[in-house]
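In what follows, a structure is listed as structure tokens, so that the remarks can point back to it.
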Amino acid sequence: MSTAVSPSWWWLLLALLALAVLSAALRQWVLARRMASAPRAATAGLAATAPAEAAVATAPAVPPEPAGVHDPLTGLATRLQLEDRLDAAALRAEGAQRRLALLYIDIDGFRPINDSYGYAAGDALLRDVAQRLAGLGRSTDTLARLGGDQFLLLMDGDPDHASAALVADRIRQALQRPYLLQGREVHLSCSIGIVLYPDHGPRARLLARADAAMLAAKRAGGNIHCFFDQGMDHDAQDAIELQRDLRRAIETNTGLELHYQPKIDSRSGAISGVEALLRWHHPERGMVSPAVFVPVAERFGLIGALGQWVTDEACRQLRIWQDLGLGMHVAINLSVHQLRQSDLVERVQGSLARHDIPGGRVTFEVTETAAMEDPQASLRVFERLAQLGVSLSIDDFGTGYSSLSYLRKLPARQLKIDRSFVQDLESEGDAQAIVRAVIKLAHALGLKVVAEGVETEAQQDMLQRMGCDQLQGFLFARPMPARHLQLWVAGEDVPARRSAFRLPASGHAPHDEDGAEGQGGDAVR
């Protein structure tokens, strides 16, 4: 017996089938429109990782997210999505005792773009900005648009102060490249506020403090990055004025000066080199201590330019001394920020070539802590610097946590014993044991040893008996301007001069046993 199917059921079945097909087609159309509006991530770029360098990776494909999580103009994440990811990343960071960085990016002078070209052109420009920012991020980072011309970048992966500053520099460089708008070139800059978690406070305050740091960068003139500081609300204006003056001093080459402190060969009593120390004579404040202006330079992104000024000025002075027949050897400090600069070696090479100075006249000092912050990346930089002929010295040795196997691989020529051990030589037995052990270790590795902070004859005698190669400190001379150093070398009546020590008969710095001239020291202290 067969059962007949009612015609009404056939029509209902066909209607349901048609509705399913139409629904699927509509979903595909919405997805295609969303993907077309999102900026494509660059497949190569300059993204920086912490602590090691990494190539930029294109973000992996992810399932479509619910409506509302993407900015409709740029296709980037919204503030809501970024805050969700920030909460999750903060929990992971707490568990692993790692850091996060949050960069608040604000375009400088964007309003005139809308006024001059119209809002449609302004929107197109913001999409271009979003594309450039996306090309600098890693797949583990989150880039969001807050609205208007403001963006946020959440850096995961344990970034430190130096790597966050490096990313900020690269963002500013990327956004400064010209844009083509209605057939005309347009130039933009940006101000960036940076906070680190947990260094700069609890999770709930990060956005507000990144905003405060960005506003400080704006008030300072824009086109810079600024780290949040706990006293920002109280001393912001003073720090902003100080960085403006420091930037002007660097750009106009006024007020900054290098002082030089001699180093003495412990066996011959001859000058074996000088340490370059940065000084700043402010037109209104007088002499400003490096302990004051160096942190300002780091906070406002000026430390790279300041370090480059020191390198170039030291090479210029070396050229003058060489023309006068003084075969001086100068040491320059490299900060961890400079170590992270991708073009550091090219900058150094440029300074040497500009003043026609052989690399063998220069030693770069790097603190033990800075060298160990990212050993593999540091090693690559040191090896490239060594190819220029410059020497490497490990400064403040004994205060960090160097691996002996890593120390053996470094192309270093010298260790510099931290002044804290030298100061305790006369009273502390453990300080004597440490200094004696460091000297023996260095000599076993074929390295020379410099003791800084020598202030008494008793310290000098003990270091000489231990076999320390070079001595430096107020016992022999205080840091002095280059013109005073020339008189000091000539034996003229200069207060810093000590008659117990002399120059070689030729007036040139002595050579070490391996043929290298005496070593140098810090640029900023």
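The sequence shown begins at 154 in the working numbering and counts up by one. Don't be surprised by glycine CBs; every beta carbon is placed ideally from N, CA and C.
{"Item": "When burial is assigned at 16 or more other CB atoms within 10 Å of the CB, is D583 buried or exposed?", "Value": "exposed"}
{"Item": "Determine the contact status of Q303 and D259, defining contact as a CB-CB distance below 7 Å.", "Value": "yes"}
{"Item": "Helix, strand or coil for T522 per DSSP?", "Value": "helix"}
{"Item": "Going along the chain, which unbroken runs of the beta strand (DSSP E) with 3 or more residues stay wholly within the segment 320-402?", "Value": "332-334, 337-339, 342-350, 378-380"}
{"Item": "Using DSSP with H/G/I as helix, E/B as strand and the rest coil, what is L299?", "Value": "strand"}
{"Item": "Can you grab the Cα-Cα spacing for the pair Q326 / Q335, in whole Å?", "Value": "23 Å"}
{"Item": "Got a sec? Which residues, its chain only, sit under 6 Å from H435 by beta carbon, not counting five neighbours each side?", "Value": "V441"}
{"Item": "Can you tell me whether S419 is buried or exposed, with buried defined as 16 or more other CB within 10 angstroms of its CB?", "Value": "buried"}
{"Item": "Drop a sphere of 10 angstroms on the beta-carbon of L578, count the other beta-carbons inside from all chains shown, and report buried for 16 or more, exposed for fewer.", "Value": "buried"}
{"Item": "Could you spell out where the beta strand (DSSP E) holding I417 opens and where it closes?", "Value": "409-418"}
{"Item": "Distance, Cα to Cα, G248 vs A297?", "Value": "25 Å"}
{"Item": "For I424 versus C468, is the C-beta spacing smaller than 7 Å?", "Value": "no"}
{"Item": "By Cβ distance below 7 Å, which residues in the same chain neighbour L497 in space, the five residues on each side in sequence not counted?", "Value": "Q491, V534"}
{"Item": "Near A604, what residues of its chain come up, given a Cβ to Cβ distance below 6 Å and the 5 sequence neighbours on each side ignored?", "Value": "I570, V575, L616, C621, L624"}
{"Item": "On the criterion of 16 or more Cβ atoms from any shown chain inside 10 Å, does P312 qualify as buried, or is it exposed?", "Value": "buried"}
{"Item": "Using the C-alpha atoms, what's the distance from N486 back to L532?", "Value": "16 Å"}
{"Item": "Given 8 Å as the limit, is there contact between the segment 453-473 and the segment 393-407, that is, 3 or more CB pairs closer than that?", "Value": "yes"}
{"Item": "For I424, list the residues DSSP reports as bridge partners.", "Value": "I417"}
{"Item": "Would you tell me roughly how many angstroms separate the C-alpha atoms of A630 and R514, rounded to the nearest one?", "Value": "21 Å"}
{"Item": "Output yes or no for whether 7 Å exceeds the beta carbon distance between A315 and R500.", "Value": "no"}
{"Item": "Counting only runs that start and end within the segment 500-544, where is the beta strand (DSSP E) found for 3 or more residues in a row?", "Value": "515-520"}
{"Item": "Run through the segment 574-635 for me and flag every whole alpha helix (DSSP H) of 4 or more residues, listed as ranges in chain order.", "Value": "582-597, 610-619"}
{"Item": "Taking all protein chains shown into account, do 16 or more other C-beta atoms lie within 10 angstroms of the C-beta of H378, making it buried, or fewer, making it exposed?", "Value": "buried"}
{"Item": "Look up G271 in the DSSP assignment and say whether it is helix, strand or coil.", "Value": "coil"}
{"Item": "Whether or not the segment 366-377 and the segment 590-603 are in contact is what I'm after, with contact meaning three or more pairs of Cβ atoms, one per stretch, closer than 8 Å; do they touch?", "Value": "no"}
{"Item": "So the alpha helix (DSSP H) Q470 belongs to, where does it begin and stop?", "Value": "456-476"}
{"Item": "Would V607 and G626 be called neighbours here (beta carbons separated by less than 7 Å)?", "Value": "yes"}
{"Item": "Buried or exposed: which applies to E428, given that a residue is buried once 16 or more other Cβ atoms fall within 10 Å of its Cβ?", "Value": "buried"}
{"Item": "Round the Cβ separation of S546 and A524 to the nearest angstrom and send it over; I've been treating them as touching at under 8 Å.", "Value": "With a Cβ gap of about 10 Å, S546 and A524 do not count as contacting."}
{"Item": "With a cut-off of 8 Å, do at least 3 Cβ pairs link the segment 338-348 to the segment 356-376?", "Value": "yes"}
{"Item": "Go ahead and label D391 buried or exposed: buried means 16 or more other beta carbons lie within 10 angstroms of its beta carbon, across all protein chains shown.", "Value": "exposed"}
{"Item": "Roughly how many angstroms lie between the CA atoms of P634 and P225, to the nearest whole one?", "Value": "60 Å"}
{"Item": "For D294 and Y270, I'd like the C-alpha separation in whole angstroms.", "Value": "33 Å"}
{"Item": "On a CA-only basis, which of P331, Q529, D465 is nearest V282? Give me that one, please.", "Value": "P331"}
{"Item": "Could you check which residue in G439, W433, E437 has the C-alpha nearest to that of F446?", "Value": "W433"}
{"Item": "Under the DSSP definition of a beta bridge, which residues are partnered with V441?", "Value": "W433"}
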